[in-house]
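> Residue numbers (my numbering): 16 to 307.
All residues carry an ideal CB built from backbone N, CA and C; glycine is no exception.
Before we start, here is the structure in question, set down as structure tokens.
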Amino acid sequence: MRVSLVSVAVNLVLSAGKLLAGVFAHSGAMISDAVHSASDVFSTLIVMIGIQISSKQADAQHRYGHERFECVASVALALILLETGLLIGWKGLKTILAGSYADLAVPGMLALVAAAVSIVVKEWMYWYTRAAAKKIHSDALMADAWHHRSDSLSSIGALVGIACSLAGFPVMDSVASVVICIFIVKAAVDIFRDAVDKMVDRSCDEETLAQMTQVILDQPGVLGLDLLQTRLFGAKIYVDAEIAAQADLPLSQAHAIAESVHEAIEQAFPLVKHCMVHVNPKQADPASPPPA
């Protein structure tokens, strides 16, 4: 929440500064970039709401918790990004297709300075937000970090377009707006795809599954792993495992083996919210020593 409040404050100041620079320096690319920064404020507010709801404890209506609300926030953020990018791109494209380049205003140096400042500030915001997202394993906050990165990239496009306009190619200011659109739309699609993956019970990656398998097989009394299923639940992971244990073990011992697997998985993988373990009977090889 602290990171999000910092993000809102920085974006308000930055968008106002870029808007003034764009108006006074006659730069369409800088005005488009200002609109992008302003959209960051709304997206960050959505992230804050999503994180606040997802952190609530399970209740009678939501027995598995509220983590998926972060995914909902990410989807909303992606849609805002997409709309912003398309509007910016369409405005620049209309200017390019109009063909009256001689009448286009040439941006002033103020717009160039504003673009340079924006690149530095937004890149810093990306790394600042990204560090917090990785620390608390927040997908919504990571999506907001990429929103900052897309703003940094769009400012680079604005910088190049404004510089080319000052060099005698005024249409490049509008071309930069189209380039900005491409960066924003790509970021929106990536965020949307990641959020949807976490809402449709996608499995963990192969490397994580291999590590979980090894942790399970290393537990005393486990003779084999018959089934391992995982599903992403927002930023958390649910694990279902079926292990093989000696068939004639007392129930208390079989339960103890299952409990050791359960605890080992949840300790080794902090993102695992719950690990369910089922024990299948397996006849031990007479030539093999009894399990520890």
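Return yes when the Cβ of S22 is within less than 8 Å of the Cβ of M124, no when it is not.
In this structure, S22 does not lie closer than 8 Å to M124 by Cβ.
> Is it a yes or a no for the stretch 77–90 touching the stretch 260–276, going by three-plus beta-carbon pairs under 8 Å?
No contact exists between the stretch 77–90 and the stretch 260–276.
> Compare the Cα-Cα distances from W105 to each of E82, S189, S167 and report the closest residue.
It is S189.
> Among A271, S170, V56, which residue has its Cα nearest to the Cα of Q234?
Nearest option by C-alpha distance: A271.
> In terms of residue numbering, what span does the beta strand (DSSP E) encompassing E257 cover?
It spans 251–261 - the beta strand (DSSP E) in which E257 sits, taken as one unbroken run.
> Would you be able to state if there are at least three C-beta pairs under 8 Å between the stretch 133–147 and the stretch 165–172?
A contact exists between the stretch 165–172 and the stretch 133–147.
> Taking its Cβ as the centre, do 16 or more other Cβ atoms sit within 10 Å of L156, making it buried, or is it exposed?
L156 comes out buried.
> With 16 other CB atoms within 10 Å as the buried threshold, where does M187 fall?
Per the 10 Å Cβ criterion, buried.
> What are the uninterrupted segments assigned as beta strand (DSSP E) that are 3 or more residues long and contained completely in the stretch 131–209, given in chain order?
Correct list: empty.
> Between L238 and K297, is the Cβ-Cβ spacing less than 8 Å?
Result yes, Cβ atoms of L238 and K297 sit closer than 8 Å.
> Based on the DSSP output, what are the partners of M45 in its beta bridges?
Answer by DSSP bridge pairing: none, since M45 is not bridged.
> Taking K106 as part of the alpha helix (DSSP H), name the residues at either end of that continuous run.
K106 -> alpha helix (DSSP H) spans 84–113.
> Let me know if A191 comes out buried or exposed under the rule of 16 or more other beta-carbons within 10 Å of its beta-carbon.
Result: buried.
> If the criterion is Cβ atoms closer than 8 Å, does the pair L97 and V215 meet it?
It is not a contact, given that the beta carbons lie outside the stated cut-off.
> At the 8 Å Cβ level, is V50 part of the contact set with chain D, yes or no?
This model lacks chain D altogether, as it is built from one protein chain only.
> Give a yes or no on contact between the stretch 245–262 and the stretch 151–166, applying the rule of three or more CB pairs nearer than 8 Å.
A contact exists between the stretch 245–262 and the stretch 151–166.
> Going by beta-carbon coordinates alone, are A256 and V230 separated by less than 8 Å?
Against a cut-off of 8 Å, the Cβ pair of V230 and A256 comes out as no contact.
> What is the rounded straight-line gap between the Cα of D315 and the Cα of A40?
Missing from the structure shown is residue 315; the chain here goes from 16 to 307 and no further.
> Specify, as a first and last residue, the run of the beta strand (DSSP E) that H293 falls within.
Residues 287–297.
> Based on Cα-Cα distance, which residue from R145, A126, H162, K109 lies nearest to T99?
Nearest of R145, A126, H162, K109 to T99, Cα basis: H162.
> Excluding the 5 residues preceding and the 5 following I61 in the sequence, name in chain order all residues of the same chain whose CB lies nearer than 6 Å to its CB.
Correct list, in chain order: A88, A91, L92.
> Please classify A327 as buried or exposed, where buried requires at least 16 neighbouring CB atoms within 10 angstroms.
Here the chain covers residues 16 to 307 and nothing more, so residue 327 does not appear.
> Return the chain-ordered list of same chain residues with a C-beta closer than 6 Å to the C-beta of T110, the five sequence neighbours on each side being excluded.
Closer than 6 Å at Cβ, skipping near neighbours: S189.
> Taking all protein chains shown into account, do 16 or more other C-beta atoms lie within 10 angstroms of the C-beta of L127, making it buried, or fewer, making it exposed?
The residue is buried, with at least 16 neighbouring Cβ atoms inside 10 Å.
> Measuring straight from C-alpha to C-alpha, what distance separates A10 and L243?
The first residue shown for the chain is 16 and the last is 307, placing residue 10 beyond what the model contains.
> Using the C-alpha atoms, what's the distance from A210 back to E85?
One C-alpha to the other measures close to 8 Å.
> Since T245 and L232 are thought to touch, with beta carbons under 8 Å apart, how far apart are those beta carbons, to the nearest angstrom?
Going by Cβ atoms, the distance from T245 to L232 rounds to 16 Å, so no, they are not a contact pair.
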